[in-house]
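Numbering (my numbering), first residue to last: 14 to 425.
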Ligand SMILES: [Ca+2]
Ligand SMILES: [Ca+2]
Ligand SMILES: [Ca+2]
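Spelled out as structure tokens, the structure:
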């Protein structure tokens, strides 16, 4: 009220001659504008309000699900047209192989029961090593390696699914993922759930790749679409270009009138040489916060034993999150730090197909033998070796180099 009264007075008809009153009024106008900007600053992102326009009613018409999977557009107050929930390559890009996907009748009880023999290898670097990755998203992802779109999540919304990917690449290489928390109410960031027609859905993503690469807090995560927003002032933009919705309500009552905030994605964000130094670090979430779905839980300790769920700082309101991680170049075995006090470990143990080393470079030389002393593996990059056909039993894994270790592993 106080501010309104000062400002109202300042905008009264100016006097005919310049005098003290006029200077005072000019100063007051400036003061009011400055104060208004500070108190009522709106996000610099493009702002939308209400429901968008459907362009595709259901991307998954042939799959039984709790939700339809719509795609559409919405126009922001600055006249820009946005694809909601996000621009994507769903209809054109190769769909990644299923680890668990009830739409295709693929529902193994565990990793050992999964048939991964037909997973194609995408060639990035002909002289590189084959990397295997397991990925689960709430709800959708597109995977780029060094700027190449390797494949997409075949189920954009629900049912929840998980994927396996193989690609040949040389280190260092950059993983870039578009992550989308899909929505039923286009442009509103909400879905029919929990007894509400406008329930704000949540996101979350987890991935583990052979050679020990896992989603964790070293990844970068930047948000490009936020909804549903009840109060635009709750979107705080920081000087480094990042933004926070930490104070925004996650139980909005604006329903069909909620706001959305969109930011344009950088054109070269998937490239290895894109500078993500200004992007925030990914925020970690527990499995309990993200999902209890079989597509994750059936493989939690085998496909993702060391990985963490990641997203931006707001698991609920941030719906389009771009994440990046660069896998560093190989470390020579001779560079291993003998002074490391953390013991070398292998996981998972028991294992069914892959074994990942912890607290030691993945390129270290290893030898695995059975209890009769027969060698079943010898060489580097044991995490790339597929042991799914190895007979169940007890094995001894010897790790060489400056850090030597002998670990007892159980194959199931
Ligand atoms: Ca999915
Ligand atoms: Ca959401
Ligand atoms: Ca979701």
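Idealized CB from N, CA, C, for every residue including glycine.
Every value quoted in this text rests on a predicted model; they were computed, and no experiment measured them.
What does the alpha-carbon distance come out to for the pair residue i and residue j?
| i | j | result |
| --- | --- | --- |
| residue 308 | residue 189 | 22 Å |
| residue 359 | residue 160 | 31 Å |
| residue 128 | residue 174 | 15 Å |
| residue 97 | residue 172 | 19 Å |
| residue 363 | residue 265 | 46 Å |
| residue 393 | residue 407 | 21 Å |
| residue 287 | residue 232 | 14 Å |
| residue 89 | residue 208 | 29 Å |
| residue 244 | residue 57 | 14 Å |
| residue 275 | residue 248 | 11 Å |
| residue 155 | residue 106 | 9 Å |
| residue 281 | residue 404 | 46 Å |
| residue 292 | residue 218 | 17 Å |
| residue 145 | residue 103 | 22 Å |
| residue 17 | residue 55 | Bear in mind that the predicted position of residue 17 carries a pLDDT of just 39, short of 50, making it unreliable; the figure below should be weighed with that in mind. Distance between the alpha carbons of residue 17 and residue 55 is about 19 Å. |
| residue 310 | residue 123 | 9 Å |
| residue 253 | residue 76 | 42 Å |
Grab me the residues of residue i's own chain with a C-beta within less than 6 Å of its C-beta, minus the 5 sequence neighbours each way, in chain order.
| i | result |
| --- | --- |
| residue 411 | 380 and 419 |
| residue 148 | 176 and 220 |
| residue 206 | 212 |
Determine the contact status of residue i and residue j, defining contact as a CB-CB distance below 7 Å.
| i | j | result |
| --- | --- | --- |
| residue 317 | residue 221 | yes |
| residue 200 | residue 61 | yes |
| residue 340 | residue 186 | yes |
| residue 298 | residue 328 | yes |
Could you pull out every residue in the same chain whose Cβ sits closer than 7 Å to the Cβ of residue i, ignoring the five residues on either side in sequence?
| i | result |
| --- | --- |
| residue 71 | 81, 82 and 83 |
| residue 68 | 84, 85 and 86 |
| residue 91 | 59 |
| residue 423 | 362, 363 and 407 |
| residue 138 | 181, 182 and 183 |
| residue 383 | 389, 406 and 408 |
Between which two residues does the alpha helix (DSSP H) holding residue i run?
| i | result |
| --- | --- |
| residue 308 | 307 to 310 |
| residue 303 | 300 to 303 |
Between which two residues does the beta strand (DSSP E) containing residue i stretch?
| i | result |
| --- | --- |
| residue 206 | 203 to 206 |
| residue 2 | Nothing about residue 2 can be read from this structure; the chain reaches only from 14 to 425. |
| residue 135 | 134 to 136 |
| residue 111 | 110 to 113 |
| residue 251 | Counting along the chain, residue 251 falls outside any beta strand (DSSP E), and DSSP gives it neither H nor E. |
| residue 355 | Here residue 355 belongs to no beta strand (DSSP E), and DSSP marks it neither H nor E. |
| residue 222 | 218 to 222 |
| residue 460 | Residue 460 cannot be examined here, being either before or after the span of the chain that is shown, 14 to 425. |
| residue 235 | 233 to 242 |
| residue 331 | 331 to 340 |
| residue 383 | 379 to 383 |
| residue 210 | 209 to 213 |
| residue 156 | 153 to 158 |
| residue 176 | 175 to 182 |
If I measure Cβ to Cβ from residue i and keep anything under 8 Å in the same chain, skipping five residues before and after, which residues do I get?
| i | result |
| --- | --- |
| residue 330 | 202, 213, 239, 240, 241, 242, 258, 261 and 263 |
| residue 417 | 411 |
| residue 356 | 372 and 418 |
Residues passing the C-beta test against ligand 1 heavy atoms, cut-off 6 Å:
150, 152, 153, 166, 168 and 174
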